[in-house]
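So the sequence shown is residues -21 to -1, 1 to 259, counted in mature numbering (1 follows the signal peptide of the UniProt record, and there is no 0). Structure record follows, encoded as structure tokens.
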Amino acid sequence: MKKLFSLLAFVGLLAACTPGAAPPILTEVGDAGYHPGRVVWYNLASPNPDASRVFYETVFGWNTVPYGDDKKKIWVFRDGDQPVALMALYDSDNNSGEWIGAISVPDVAEATDAAKSQGARIMRKPDQIENQGTISFVQDPQGAHFSLIKLANGDPDVKVAPTNHFLGLELWSNDPSQSQSFYKSVVGYEAASTQQGSIDYTVFKMGDMNCAGMLQNPSTAVRSHWLPYIRVADVNATLAKAKTAGAKVLIEPNASIRNGSVAVILDPTGAPLALQVYNP
């Protein structure tokens, strides 16, 4: 996580699948409506897709479906028949993975231009991708990676994620004030400040809808990054499976952090993610 990595191979694979090889993944999740600001999809950039496949199948019970050929292969994670996320191989200068959340926007080109004007690096310009929609990949001014998307068939319904699906994204920012300004300009977020224990916490909102969270990055040694949360039924049981499957634990469940409902790990490729019990 200390160094920046290149997503060029990853995003190139997303766009370069031959006709018929691109999975109909994002046309399956849409409901014909749009909810700008929400995180509506997740992509895993993995330096070792086989290791990632084994880990996520073992820990969350997903199945992995490959598409394309050896030169242009991507993988879809599914929970039964339901698509959960997409994975592709990428070249990295530090050989670690990363989850990249896709934020819904009305106009990908306009939002991408806004990001560039605010100092972001555009990893891939807006592109229409078969069976997905229009998408761009962006590195914000502090190094956090995300994507902007307008899905072909509309965004998923607004509902609580099932167990072993993604709950949402949280930005661990080295400069929360600068991040707040950036994402307001790019996505249109308003920010609401709150307190979680001793931690100053920010909720990114669109109207009355909560879309993402943000806190001060607890580690000054790494760049800013977006942390995905996966809903689990039992955080300790899931953490035990993750450890056995090769995960490194960054934060153990602790009563002072959301009543012991959360753990933060690195998967075997170094991709960070959080496990959380969530019972609204």
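For each residue, glycine too, the CB sits at the ideal point set by N, CA and C.
Whole-angstrom Cβ separation of residue i and residue j, contact assumed at under 8 Å?
i	j	result
residue 193	residue 158	6 Å
residue 84	residue 166	6 Å
residue 143	residue 40	6 Å
residue 191	residue 147	6 Å
residue 118	residue 93	Contact doesn't hold; Cβ gap of about 14 Å is too wide.
residue 135	residue 10	6 Å
residue 67	residue 18	Not a contact, Cβ separation roughly 18 Å.
residue 79	residue 125	6 Å
residue 28	residue 74	Contact flag wrong, Cβ pair sits at about 13 Å.
residue 127	residue 170	Residue 127 to residue 170, Cβ: 19 Å. No contact.
Please list, in chain order, all residues of the same chain as residue i whose beta carbon is under 6 Å from its beta carbon, the five residues on each side excluded.
i	result
residue 113	87, 105, 107, 129
residue 217	211, 254
residue 251	206, 245
residue 12	133
residue 208	146, 147, 253, 255
residue 149	192, 206
residue 237	none
residue 226	244, 246
Excluding the five sequence neighbours on either side, which residues of its own chain have a C-beta within less than 8 Å of the C-beta of residue i, listed in chain order?
i	result
residue 220	37, 38
residue 240	214, 232, 255, 256, 257
residue 137	14, 17, 188
residue 199	153
Within the same chain, show all residues whose beta-carbon is closer than 7 Å to that of residue i, passing over the 5 residues directly before and after it, in chain order.
i	result
residue 215	232
residue -2	A caution first: residue -2 carries a pLDDT of 39, below 50, which makes its placement in the model unreliable, though a value can still be read off. For residue -2, where only same-chain residues beyond five positions count, there are no Cβ hits under 7 Å.
residue 189	182
residue 196	151, 152, 153, 203
residue 162	168, 183
residue 180	173, 174, 192, 194
residue 178	194
residue 30	247, 248
residue 222	228
Opposite residue i in the DSSP bridges: which residues?
i	result
residue 230	243
residue 77	24
residue 218	Paired residue(s): none; residue 218 is not in a bridge.
residue 67	24, 53
residue 237	Note: residue 237 sits in no beta bridge, so no partner.
residue 107	113
residue 62	57
residue 118	100, 124
residue 12	134
Put residue i into one of helix, strand or coil per three-state DSSP.
i	result
residue 32	helix
residue -1	Since pLDDT at residue -1 reaches only 46, below the 50 mark, its modelled position is unreliable, and the value read off the structure follows with that caveat. Residue -1: coil per DSSP, three-state reduction.
residue 87	helix
residue 248	coil
residue 96	helix
residue 42	strand
residue 211	coil
residue 256	coil
Just checking: is the beta-carbon of residue i within a distance shorter than 8 Å of some beta-carbon in chain C?
i	result
residue 138	Going by chain labels, chain C is absent from the structure shown, which holds only one protein chain.
I'd like the ranges of any beta strand (DSSP E) spanning at least 3 consecutive residues and lying wholly in the stretch 125 to 203.
145 to 152, 169 to 175, 178 to 185, 188 to 195
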